[in-house]
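Protein chains in written order, with my numbering: chain Y, 561 to 674; chain Z, 6 to 116. Structure first, then comments.
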C-alpha cells in the first residue's frame with residue numbers, strides 16, 4: 561500500500577542551527593513529492609515540490625529538499641533555522657490513480673529554542 | 006485567484022444536527038480533496054474527486070458523511086447527524102497534477 565512515513569513526531573532545534581526533517585515513501589514508481597508547512601491555526605502552505613529533473617529542489621523560506629530514489633526519501637533541510645520556522649511540517653506524495661491523489665505523512669512538529 | 010475558499014470558517018452545532026461544509030476550488034484545478042485534521046488522528050483524507058467524479062471515498066468514516074461535487078467550482082461535505090467526535094478542522098484542497106492547494110479550513114465543534 562502507498563504510504564508516507566515521517567519518523568520524527570517532533571524535533572527541537574536551536575535558533576541558527578541546521579535542520580533536517582525525514583520523509584520516506586512507499587510507492588512502486590516515483591511519485592510527485594511535496595513538503596507543506598502548517599503554522600498554528602492556519603492551513604497548509606506548500607514549501608516545495610519535486611516532479612522530475614534535478615533531485616535537489618529549492619523552496620520558499622530558505623528550505624530545500626533532496627530526492628533520493630535509492631532510499632525512497634525526500635528529506636527537508638534548512639541551513640539555519642529561525643524562530644518563525646516553528647510549525648508542523650508535512651511530507652506528501654502525489655499519486656496518479658485515475659486522478660491525482662495526495663497522501664500526507666503524519667507530520668513533524670518543529671520547536672525552535674532561543 | 007482568491008485561492009481555495011471554504012465556508013463557514015467556524016461552525017458550532019449540537020449533536021444530531023446536520024452540518025454542511027462548502028468549498029470552492031481554484032479555477033482550472035481538476036482534483037478536489039476533503040481532509041479532516043484532529044490531534045488524535047492527524048490529517049486524514051476523507052474523499053477526493055477528479056473532474057467532479059468521486060474517485061476514492063474510502064476515508065469517509067461512516068454513512069453519516071457524504072460529499073458531492075455538482076460542478077467544477079463547488080463541493081460540499083455533509084454530516085448528518087453530527088456527533089461530538091466529528092469535531093475537527095475540515096480542509097478542502099484542490100490540485101492540478103498532484104500539487105494540492107489548501108483552503109483555510111472549517112473548524113467544526115459539535116456539542
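Glycine is no exception: its CB is placed at the ideal position from the N, C-alpha and C atoms.
CA-to-CA distance, residue j to residue i, given in whole angstroms
| i | j | result |
| --- | --- | --- |
| residue 630(Y) | residue 566(Y) | 17 Å |
| residue 48(Z) | residue 61(Z) | 16 Å |
| residue 578(Y) | residue 621(Y) | 14 Å |
| residue 646(Y) | residue 571(Y) | 10 Å |
| residue 662(Y) | residue 70(Z) | 20 Å |
| residue 595(Y) | residue 68(Z) | 32 Å |
Spatial neighbours of residue i in its chain, beta-carbon cut-off 6 Å, leaving aside the 5 residues before and after
| i | result |
| --- | --- |
| residue 197(Z) | In the structure as shown, chain Z starts at 6 and stops at 116, and residue 197(Z) therefore has no counterpart that could be examined. |
| residue 633(Y) | 584 |
| residue 110(Z) | 94, 96 |
Contacts around residue i, its chain only, beta-carbon distance under 8 Å, and the 5 residues preceding and following it disregarded
| i | result |
| --- | --- |
| residue 20(Z) | 86, 87, 88, 89, 115, 116 |
| residue 624(Y) | 608, 616, 617, 618, 636, 637, 638 |
First and last residue of the uninterrupted beta strand (DSSP E) at residue i
| i | result |
| --- | --- |
| residue 40(Z) | 36–43 |
| residue 73(Z) | 70–76 |
| residue 88(Z) | Premise fails: residue 88(Z) is in no beta strand (DSSP E) and is neither H nor E. |
Per-residue contacts from residue i into chain B (C-beta, under 8 Å)
| i | result |
| --- | --- |
| residue 588(Y) | Structure shown: chain B not included; protein chains present are Y and Z. |
Own chain residues within Cβ distance below 7 Å of residue i, not counting five before or after
| i | result |
| --- | --- |
| residue 587(Y) | 562, 653, 655 |
| residue 627(Y) | 593, 610, 615, 634 |
Proximity test, residue i beta-carbon vs the ligand MN heavy atom, cut-off 7 Å
| i | result |
| --- | --- |
| residue 68(Z) | Although the ligand MN was asked about, the structure shown includes no ligands whatsoever. |
Cβ-based contacts, 9 Å cut-off: residues of the region 627–656 of chain Y near chain Z: 650, 652, 653, 654, 655, 656
Meets three-Cβ-pair contact criterion under 8 Å: the region 660–671 of chain Y and the region 15–27 of chain Z: no
Short-range partners of chain Z found in the region 604–616 of chain Y, where Cβ spacing is below 8 Å: 604, 605, 606, 609, 611
Residues of the region 20–49 of chain Z with Cβ closer than 7 Å to any Cβ of chain Y, in chain order: 36, 38, 47, 48
Chain Z contacts made by the region 659–674 of chain Y, where a contact means CB separation under 8 Å: 659, 660, 661, 662, 663, 664, 666, 667
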